[in-house]
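Reading through the C-alpha coordinates given below for one structure.
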Amino acid sequence: ESESEARAKTDELIPNKKWPCYFFKSDTTGEKDFEEFFTTQEELNLDKFNGVGVIRNPAVFNNELLDQFERGINKLSSNGNWNKQDIVDLFFLLLPDFAHKETGKYLDQKM
(Lines of atoms letter the chains of each structure in order from A; the text may use other names.)
(Lines give C-alpha, C1' and ligand atoms only; values in the text may rest on other atoms or scores of the structure.)
Protein backbone atom coordinates (compact mmCIF):
# COMPACT_ATOMS: atom_id res chain seq x y z
CA GLU A 1 0.00 0.00 0.00
CA SER A 2 2.90 2.41 0.64
CA GLU A 3 6.63 2.87 0.20
CA SER A 4 7.17 2.66 3.97
CA GLU A 5 5.28 -0.65 4.10
CA ALA A 6 7.44 -2.09 1.31
CA ARG A 7 10.62 -0.97 3.10
CA ALA A 8 9.40 -2.40 6.43
CA LYS A 9 8.87 -5.85 4.90
CA THR A 10 12.37 -6.26 3.43
CA ASP A 11 13.76 -8.24 6.39
CA GLU A 12 10.78 -10.58 6.28
CA LEU A 13 10.53 -11.11 2.52
CA ILE A 14 14.08 -11.13 1.14
CA PRO A 15 15.23 -14.26 3.04
CA ASN A 16 12.31 -16.04 1.32
CA LYS A 17 13.50 -14.80 -2.08
CA LYS A 18 10.58 -12.39 -2.34
CA TRP A 19 11.02 -8.71 -3.03
CA PRO A 20 8.79 -5.94 -1.71
CA CYS A 21 7.47 -3.66 -4.43
CA TYR A 22 5.68 -0.37 -4.28
CA PHE A 23 4.16 0.79 -7.57
CA PHE A 24 3.42 4.46 -8.10
CA LYS A 25 3.02 6.94 -10.92
CA SER A 26 6.45 8.15 -11.93
CA ASP A 27 7.36 11.60 -13.16
CA THR A 28 11.13 11.20 -13.38
CA THR A 29 13.40 11.84 -16.36
CA GLY A 30 13.78 8.95 -18.78
CA GLU A 31 10.31 7.55 -18.21
CA LYS A 32 8.18 6.73 -21.22
CA ASP A 33 4.45 7.24 -21.44
CA PHE A 34 4.04 3.51 -22.07
CA GLU A 35 6.55 0.77 -21.29
CA GLU A 36 6.71 -1.55 -24.28
CA PHE A 37 9.87 -3.48 -24.89
CA PHE A 38 9.05 -5.63 -27.89
CA THR A 39 8.10 -5.32 -31.53
CA THR A 40 6.15 -7.51 -33.95
CA GLN A 41 9.47 -8.86 -35.28
CA GLU A 42 10.40 -10.41 -31.93
CA GLU A 43 9.43 -13.77 -30.44
CA LEU A 44 7.33 -13.02 -27.35
CA ASN A 45 6.39 -15.57 -24.69
CA LEU A 46 3.58 -14.29 -22.46
CA ASP A 47 3.03 -17.65 -20.76
CA LYS A 48 6.32 -18.16 -18.90
CA PHE A 49 5.51 -15.67 -16.11
CA ASN A 50 2.26 -14.17 -14.91
CA GLY A 51 2.04 -10.56 -16.10
CA VAL A 52 5.55 -10.39 -17.60
CA GLY A 53 6.53 -11.26 -21.14
CA VAL A 54 9.85 -12.81 -22.16
CA ILE A 55 11.49 -11.98 -25.49
CA ARG A 56 13.70 -14.57 -27.18
CA ASN A 57 15.51 -13.51 -30.29
CA PRO A 58 19.07 -13.46 -31.57
CA ALA A 59 21.22 -10.43 -30.86
CA VAL A 60 21.14 -8.17 -33.91
CA PHE A 61 23.33 -5.10 -33.89
CA ASN A 62 25.32 -2.82 -36.15
CA ASN A 63 29.04 -3.10 -35.35
CA GLU A 64 29.79 0.20 -37.06
CA LEU A 65 27.26 2.06 -34.89
CA LEU A 66 28.53 0.31 -31.75
CA ASP A 67 32.08 1.32 -32.64
CA GLN A 68 30.96 4.91 -33.27
CA PHE A 69 29.18 4.96 -29.90
CA GLU A 70 32.26 3.56 -28.13
CA ARG A 71 34.55 6.10 -29.84
CA GLY A 72 32.21 8.89 -28.75
CA ILE A 73 32.20 7.71 -25.14
CA ASN A 74 35.99 7.29 -25.16
CA LYS A 75 36.44 10.79 -26.61
CA LEU A 76 34.24 12.31 -23.91
CA SER A 77 36.17 10.38 -21.28
CA SER A 78 39.55 11.45 -22.71
CA ASN A 79 38.45 15.08 -22.76
CA GLY A 80 37.37 14.74 -19.13
CA ASN A 81 34.41 16.96 -19.86
CA TRP A 82 30.88 16.00 -20.87
CA ASN A 83 27.29 16.69 -20.01
CA LYS A 84 24.12 14.63 -20.02
CA GLN A 85 23.08 15.79 -23.48
CA ASP A 86 26.39 14.55 -24.94
CA ILE A 87 25.58 11.05 -23.67
CA VAL A 88 21.92 11.18 -24.77
CA ASP A 89 23.02 12.28 -28.26
CA LEU A 90 25.33 9.26 -28.53
CA PHE A 91 22.48 6.94 -27.54
CA PHE A 92 20.26 8.47 -30.24
CA LEU A 93 22.94 7.71 -32.85
CA LEU A 94 23.03 4.09 -31.73
CA LEU A 95 19.28 3.72 -31.08
CA PRO A 96 17.29 6.03 -33.39
CA ASP A 97 14.01 5.05 -31.68
CA PHE A 98 15.40 5.79 -28.21
CA ALA A 99 12.63 7.60 -26.33
CA HIS A 100 14.20 9.80 -23.67
CA LYS A 101 11.77 12.08 -21.87
CA GLU A 102 13.35 14.93 -19.90
CA THR A 103 11.36 16.18 -16.90
CA GLY A 104 14.08 17.66 -14.70
CA LYS A 105 13.22 15.13 -11.96
CA TYR A 106 15.46 12.14 -11.33
CA LEU A 107 14.98 8.75 -9.71
CA ASP A 108 17.91 9.20 -7.31
CA GLN A 109 16.14 12.25 -5.86
CA LYS A 110 13.26 9.96 -4.88
CA MET A 111 15.44 7.31 -3.24
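Quick note on the working numbering: the sequence shown kicks off at 1 and runs consecutively. Cβ atoms here follow ideal geometry from the backbone N, Cα and C, with glycine treated the same way.
Just list the residues that DSSP pairs residue 54 with in beta bridges. Translated into positions along the sequence shown, residue 54 becomes position 54. BP columns for residue 54 point to 45.
Using a Cβ cut-off of 7 Å (strictly closer), state whether residue 7 contacts chain D. Looking at the structure shown, chain D is missing, and only one protein chain is on hand.
Please report the straight-line C-alpha distance between residue 68 and residue 81, rounded to a whole angstrom. Working through the sequence shown from its first residue, we reach residue 68 at position 68. Working through the sequence shown from its first residue, we reach residue 81 at position 81. Roughly 18 Å between the two C-alpha positions.
Proximity winner among 39, 13, 1, relative to residue 23 (alpha-carbon distances): Position 23 of the sequence shown holds residue 23. Nearest of 39, 13, 1 to residue 23, Cα basis: 1.
Any idea if residue 90 is buried or exposed, counting beta-carbon neighbours within 10 angstroms, 16 or more meaning buried? As a first step, residue 90 must be located in the sequence shown, where it is residue number 90. Residue 90 is buried by the Cβ-count criterion.
Three-state secondary structure (DSSP) at residue 76? Residue mapping note: residue 76 aligns to position 76 of the sequence shown, counting from 1. Helix at residue 76.
Who are the near neighbours of residue 84 in its chain, counting only those whose CB is closer than 7 Å to its CB and skipping five residues on each side? Position 84 of the sequence shown holds residue 84. Close CB contacts of residue 84 within its chain, under the 7 Å cut and outside five residues either way in sequence, are absent.
Could you please give the first and the last residue of the uninterrupted alpha helix (DSSP H) stretch that includes residue 26? As a position in the sequence shown, residue 26 is number 26, starting the count at 1. Unbroken run through residue 26: none, as it is neither H nor E.
Within this structure, are the beta carbons of residue 93 and residue 86 separated by less than 7 Å? Position 93 of the sequence shown, counted from the start, is the residue given in the question as residue 93. Position 86 of the sequence shown, counted from the start, is the residue given in the question as residue 86. With contacts defined by Cβ atoms closer than 7 Å, residue 93 and residue 86 do not form a contacting pair.
Considering Cα atoms alone, identify which of 38, 4, 27 is closest to residue 97. Residue mapping note: residue 97 aligns to position 97 of the sequence shown, counting from 1. Nearest option by C-alpha distance: 38.
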